[in-house]
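Residue 1050 in this note's numbering sits at position 145 of the sequence shown; the count goes up by one each step and never skips.
The beta carbon of each residue, even a glycine, is placed where N, CA and C say it ideally should be.
Heads up: the structure comes next, in structure tokens.
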Amino acid sequence: MPQQSFDAYVTHLNSLSQELYYSGSLQDAIVLVEANVQAAQTLEMPAETRARLLMNYVELLIADMMLSGREANTIEPVLDIAQVATDATNSQALQVEILLLRGQLTHQIALSSEEGDFAHSLEFTQPALQLCRELDNTELLCKALFWVGLAHQFLEETEDARTHFEEACAVAREHHHRLPLSYSVRHLGFLQAADGDLESARASLEESLALREELQFLPYLPFSHISVAEIARQQGDVEAAHQHLEKAASFAEDTKNQRARMMAFVGLGQLADEAGDDSTARANYQQALEIAEALQHAGYQAHIGQLLAELKG
906 MPQQSFDAYV THLNSLSQEL YYSGSLQDAI VLVEANVQAA QTLEMPAETR
956 ARLLMNYVEL LIADMMLSGR EANTIEPVLD IAQVATDATN SQALQVEILL
1006 LRGQLTHQIA LSSEEGDFAH SLEFTQPALQ LCRELDNTEL LCKALFWVGL
1056 AHQFLEETED ARTHFEEACA VAREHHHRLP LSYSVRHLGF LQAADGDLES
1106 ARASLEESLA LREELQFLPY LPFSHISVAE IARQQGDVEA AHQHLEKAAS
1156 FAEDTKNQRA RMMAFVGLGQ LADEAGDDST ARANYQQALE IAEALQHAGY
1206 QAHIGQLLAE LKG
């Protein structure tokens, strides 16, 4: 097959798989790309084309780790092969993307452990950001700024996180990158909430939710509802909080998003707890704990266990 035909086929395949992912059919997207990755092993394909195919596959696998608890050891070998293909090209943009994928994977590994090493992801995302500043690719720049900011947020380096999120938002707004904006403005909202500015936090989180609704980005739509619900709860707007959590649970069920289902049950449990409905609170917490155990998410297991212990007390 001529090089141009390979390029066109992989571009179409990646686009189709991303459409499936956006629509909530992540497993279908993975199966589609996995079959083509296996077939490509025997083909003489240009290195850049192979790298793009493999990196799209890795992105989907990392999303599956985030949403459904896929093991990191099923992703790392594919990422290593993608690295080899990337190193065989002269593409600085692909080098940025492979670094960001490594940063994302290390971040997800950190999230799944009780003592997460969030600083490790900066070993990949900071060099990616430095490379991005040399490129004329504003969408990649937004992504790199977000991932560096996220590491700082989890390291409780608030001002560094804020600086990166604000720059990411500014670049995304100027160049109309709606999906990257939905991430950065969302996490800026978390910082605003931590500052006690619940009004600004709710506005930021509602903006992120609106962007994801416009894009029909279904896998992460439940998380946006959960975040708005938490601020509404803190503001005493119990009705809105409950509505957003019910929507989150429904979207999560439809898209088989186990992590979001877990978080929605925690939120519903907290509302019931605060309303004095111990039985409903316990039922929701227990459902959340079962999902956390299935996902092997140590942090959430500890958090939900504490909520149950306080309820029993």
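Taking just the CA atoms, how far does residue j sit from residue i?
i, j, result
"residue 1167", "residue 949", "44 Å"
"residue 1095", "residue 1056", "14 Å"
"residue 1203", "residue 1088", "24 Å"
"residue 1189", "residue 1129", "20 Å"
"residue 1049", "residue 1155", "32 Å"
"residue 1201", "residue 1191", "15 Å"
"residue 1105", "residue 958", "40 Å"
"residue 924", "residue 939", "16 Å"
"residue 1148", "residue 1138", "11 Å"
"residue 1083", "residue 1075", "11 Å"
"residue 973", "residue 1030", "24 Å"
"residue 1080", "residue 1213", "46 Å"
Can you give me the Cβ contacts of residue i inside the same chain, cut-off strictly under 6 Å, excluding the 5 residues immediately before and after it?
i, result
"residue 1009", "967"
Need the endpoints of the alpha helix (DSSP H) that residue i sits in, please.
i, result
"residue 961", "952-973"
"residue 1127", "1126-1139"
"residue 1161", "Neither: residue 1161 is in no alpha helix (DSSP H) and is coded neither H nor E."
"residue 1201", "No alpha helix (DSSP H) contains residue 1201, which DSSP labels as neither H nor E."
"residue 1119", "1103-1120"
"residue 985", "981-992"
"residue 1006", "997-1016"
"residue 1038", "Per DSSP, residue 1038 belongs to no alpha helix (DSSP H) and is neither H nor E."
"residue 1063", "1063-1080"
Given residue i, which residues of its chain have a CB within under 7 Å of its CB, disregarding the five upstream and five downstream residues?
i, result
"residue 963", "980, 983, 984, 987, 1006"
"residue 1157", "1127, 1165, 1166, 1169"
"residue 990", "952, 955, 956, 959"
"residue 1125", "1117"
"residue 1152", "1130"
"residue 1072", "1050"
Which residues in the same chain as residue i place their Cβ atom closer than 8 Å to its Cβ, once the five residues preceding and following it in sequence are excluded?
i, result
"residue 1206", "1194, 1197, 1198"
Report the CB separation of residue i from residue j in whole angstroms; it is logged as a contact under 8 Å.
i, j, result
"residue 1086", "residue 1077", "4 Å"
"residue 1216", "residue 1186", "6 Å"
"residue 937", "residue 921", "7 Å"
"residue 1172", "residue 1136", "No, residue 1172 and residue 1136 are not in contact; Cβ-Cβ is about 11 Å, not under 8 Å."
So, does the segment 1016-1030 touch the segment 1066-1073, judging by three or more C-beta pairs under 8 Å? no
*the segment 993-1010 / the segment 1035-1044 touching (three or more Cβ pairs under 8 Å)*: yes
| task | Indicate whether the contact test is met: 3 or more Cβ pairs, each with one atom in the segment 1175-1183 and one in the segment 1133-1150, closer than 8 Å. | result | yes
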